[in-house]
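Trainee: Take a look at the following structure, please.
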Amino acid sequence: MNDRGPAKRPRPVEDTASLVAARLRRGVRLPSGRIAGESDRQVHLFPITTDGGIPSQLTALCGLGITPGMADRITAVLGMPCSACLALSVHGATG
Ligand SMILES: [Zn+2]
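Sequential numbering of the sequence shown, starting at 512, is according to the working numbering.
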């Protein structure tokens, strides 16, 4: 079972201004309808554009979509990284 909802194409890193790291909050409802537990609290990377607005939804490099209030921004090195987001961020930076 995939808790990330419908498959989405990963976004290329090249067309974004920066990446923001955020970790899902415990107890939020995932796109699949399941409630997020501790094992779901990975740190995902979200491409952010600099148009100045607050988006109503963000999509991580791995395709996970979140809405405001579902995750906490991470500004220090902590938490388990999402391996897909990490791999896609490195690929975009090098290739
Ligand atoms: Zn991810």
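Just so you know, even glycine gets a beta-carbon here, dropped at the ideal spot from N, CA and C.
Treat the numbers as computed from the prediction; the structure is a model and nothing was measured.
Using the Cα positions of residue 591 and residue 575, report the straight-line distance between them to the nearest angstrom.
Mentor: Spanning the two alpha carbons is a distance of roughly 16 Å.
Trainee: Are there three or more Cβ pairs, one per stretch, closer than 8 Å when the segment 583 to 597 is compared with the segment 550 to 557?
Mentor: Touching, yes, given that three or more Cβ pairs across the two stretches are closer than 8 Å.
Trainee: Can you have a look at residue 577 and say buried or exposed, based on whether 16 or more other CB atoms are within 10 angstroms of its CB?
Mentor: Residue 577 should be labelled buried.
Trainee: In terms of DSSP beta bridges, what is residue 534 paired with?
Mentor: Partner(s): 554, 583.
Trainee: Can the beta-carbon of residue 583 be found less than 8 Å from the beta-carbon of residue 537?
Mentor: No; because the gap between Cβ atoms is not below 8 Å, this pair is not in contact.
Trainee: Which residue from 600, 540, 529 puts its Cα closest to that of residue 573?
Mentor: Closest by alpha carbon: 600.
Trainee: Is residue 600 helix, strand or coil when you go by DSSP?
Mentor: If DSSP states are grouped into helix, strand and coil, residue 600 belongs with the helices.
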